Structure formats: structure tokens, C-alpha cells
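Report on the structure given below.
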Amino acid sequence: MGRCLVVDDDAEIRTSLTAYLEGFGWQVSAAADGQGMRQALAAARMDVIVLDLMLPGEDGLALLRWLATQPDAPPVLMLTARGDTMSRVVGLELGADDYLAKPFEPRELVARLQALVRRASKGGQAATEDTRLLRFGRWRFDRMTRQLIRADEVGIALSSAEFRLLAAFVQRPGRVLSRDQLIELTRAPGVEVNDRSIDLAVSRLRAKLGDTAREPSLIRTVRGEGYLFDAEVSAC
């Protein structure tokens, strides 16, 4: 699978996660604090980090700030206390790529780590602002013609609001974007954007993608936080 670094001050969690991940073929290193994390990163290249936010000394948010300054830092999945919404939001804004709230289902952790590594291996910069044609799921997105293209080559036109919203999502797959962030990312001169207009644009974009709020496959609602585009995006 790859190399995973587990950073958690709870020895029992480190031991159990190490054994569980190794059962799925991961090579696992573990650290109890920031110093141990830095030593592990200096000793070997890691493909992904599982980072607990509640750590002694430097907490997880401080370590995320440090990782953001490091070239070629691996993707980070942060572990948070259930209900600790503000820490999750701040962590995502500081560069975490995903999160799980404790207690969590270990199999879900494995799936999320696999997704992070797949995205990283395909090149996190594939969906740049200069890339015209992008692929996700069964769709292609032509940013020149502002169209979604189905697998049967039928083009579906997007409104300006839908286009700006999808453009924001494909630039940041797998990350939770708050409504405030989406307002800033989709703002256009002379156009008023607010929470309600974001929700309407999401609803209309979901309809064109064949997505639903009840069973979303691409645009997931993260309660109390915003929306997440749950797809691997690559250049065609």
C-alpha cells in the first residue's frame, strides 16, 4: 500500500492502528509527538500521515503549520474529537487533506488513506487553473466551453454559477469547503453571492451530475462545515 506515519500520544491507539494497517499491507511508523514525527519524516519518505490534533507540546494544528512549509510533505488525515467542529475547520484550512472523528471505524480509515495516496500518486496538481479538460468519475469537465461531458459524449451546459462552483471543487478535491470559502472562490464582479446562492448552485450542479443530497456520490454535505467534492480529478 505504502508508508504511513501514525502520530498519536495514546500508546494503545498507536499499537492498534499499526497492527491494523500492517494487516492491509501498509508499512507503518509511529510517533507520540511532534519531535517523533519530525524524526520519522527525516528517516524515511512517507506516503501519508495520520495526525492526532490533541498532542502534548506542539498540538496537531502547530504541526500542520510546520508541514505546510515543507517541500513534498505527504497528505495528512487528521484525527479529531467528535464534535470538535472548529478544530476540524481550522485543520482543513491549514492544509489537512481529510479528517476522521474519534471514535472511528478502522476500515473507513484504511479506505480514506488509500484514497489520499491514490490522489497524491496521480499528481495533486493535475487539476490546475490552466488545464482545460479534466476527468472525474464518469464525467469530463471542459473549462473552455463550460460543459460537462457524459460518457456517451453528450455535453451538458453549465450556468456561470455552476461553472464557478465546479471549478472551485475540482481544484480542491477531497477537501471540505465552507460556504464562506465557496463564496470567495466563486465571487464574480457585479454578482452577489451568499450562503443561499451557494446552496442553490450546489443543488443544481448535483442535479446535472446525477447526484442527490440524500445519497451523494460526488458532492457530499459535511454537516455544520460545508461541502466536499469526493472524487479523484485528473487531466485528460
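Reminder that position 37 of the sequence shown reads as 37 in UniProt numbering, one-by-one numbering, no gaps. Every residue, glycine too, gets a C-beta built ideally from N, C-alpha and C. This structure is a prediction, so every number in the text was calculated from the model and none was measured.
query, result
"Pairwise C-alpha distance: VAL170 and GLN125", "Any reading at GLN125 needs caution, since the residue's pLDDT is 45, under 50, leaving its predicted position unreliable; the model's value is listed next. The alpha-carbon atoms of GLN125 and VAL170 are separated by roughly 11 Å."
"Secondary structure of LEU158, DSSP reduced to three states", "coil"
"Three CB pairs or more closer than 8 Å across the segment 89-100 and the segment 132-141", "no"
"Counterpart residues of GLN39 in DSSP-defined beta bridges", "Answer is none; GLN39 lacks a bridge partner."
"Selection from ARG223, THR80 and GLU232 that minimises the alpha carbon distance to ARG172", "GLU232"
"At least 3 beta-carbon pairs within less than 8 Å: the segment 2-12 vs the segment 40-58", "yes"
"For LEU77 and GLY210, the rounded distance between their alpha carbons", "29 Å"
"DSSP state of ILE226 mapped onto helix, strand, coil", "Before going on, a small fix: residue 226 reads as Gly here, not Ile. GLY226: strand per DSSP, three-state reduction."
"4 or more residues per run - each alpha helix (DSSP H) lying fully within the segment 22-98", "34-43, 60-68 and 85-93"
"Own chain partners of ARG118 with C-beta closer than 7 Å, once the 5 adjacent residues on each side are dropped", "GLU232"
"Secondary structure of LEU218, DSSP reduced to three states", "coil"
"Reference GLU153; option with closest CA among ALA161, GLU162, ARG135 and LEU165", "ARG135"
"Three-state secondary structure assigned by DSSP to VAL176", "strand"
"TYR227 versus LEU113: straight-line alpha-carbon distance, rounded", "20 Å"
"Distance between ALA115 and residue 241 (C-alpha atoms, nearest Å)", "With the chain running from 1 to 236 in the structure shown, residue 241 is simply not present."
"8 Å Cβ cutoff met for GLY34 and LEU63", "yes"
"ARG14, DSSP secondary structure in three states", "helix"
"Terminal residues of the beta strand (DSSP E) in which ARG150 lies", "Segment: none, ARG150 is in no beta strand (DSSP E) and carries neither H nor E."
"ALA231 in three-state terms, based on DSSP", "coil"
"Euclidean distance between Cα positions of ALA213 and ILE219", "8 Å"
"Close-in-space but distant-in-sequence residues of the same chain around GLY57 (CB under 8 Å, 5 per side omitted)", "ASP33, GLY34 and GLN35"
"Neighbourhood of residue 270 by C-beta, 6 Å cutoff - its chain only, sequence neighbours within 5 removed", "Any question about residue 270 goes unanswered here, given that the chain covers just 1 to 236."
"Buried versus exposed, by CB contacts within 10 Å (16 or more), ALA127", "Reliability fails at ALA127, whose pLDDT of 46 lies under 50, so the model's placement of it is uncertain and the value that follows must be treated cautiously. Counting Cβ neighbours within 10 Å, ALA127 comes out buried, since at least 16 surround it."
"Spatial neighbours of ALA30 in its chain, beta-carbon cut-off 7 Å, leaving aside the 5 residues before and after", "VAL6, ARG14 and THR18"
"Beta bridge counterpart(s) of CYS4 as assigned by DSSP", "VAL28 and VAL48"
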